[in-house]
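Residue numbers (the numbering used here): 121 to 177. Positions of the beta carbon are idealized from the N, C-alpha and C atoms, including for glycine.
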Amino acid sequence: MALQGQIDHLFNQHKKIDYIISAEMANPDWDEMRVVALKKQKLRIKDELERLRKSVH
121 MALQGQIDHL FNQHKKIDYI ISAEMANPDW DEMRVVALKK QKLRIKDELE
171 RLRKSVH
């Protein structure tokens, strides 16, 4: 069940980063470099989630 816990943790991180990106972009003076970095981080998490989910099935 440790693997499922890791998947849940990454899923929550993915959602949190999505929220942060939305909040950042809602600001009229949003930082493009920050958003790009966050999107890259979100993509790495998504890739890791896919890898872990495949190993479960």
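Going by beta-carbon coordinates alone, are residue 123 and residue 165 separated by less than 7 Å?
no
Pick helix, strand or coil for residue 177, following the three-state DSSP scheme.
coil
For the putative contact between residue 162 and residue 138, defined by C-beta atoms under 8 Å, what is the C-beta separation to the nearest angstrom?
7 Å
Helix, strand or coil, according to DSSP, for residue 128 in the structure here?
In this structure, DSSP gives residue 128 a helical state, which the three-state scheme calls helix.
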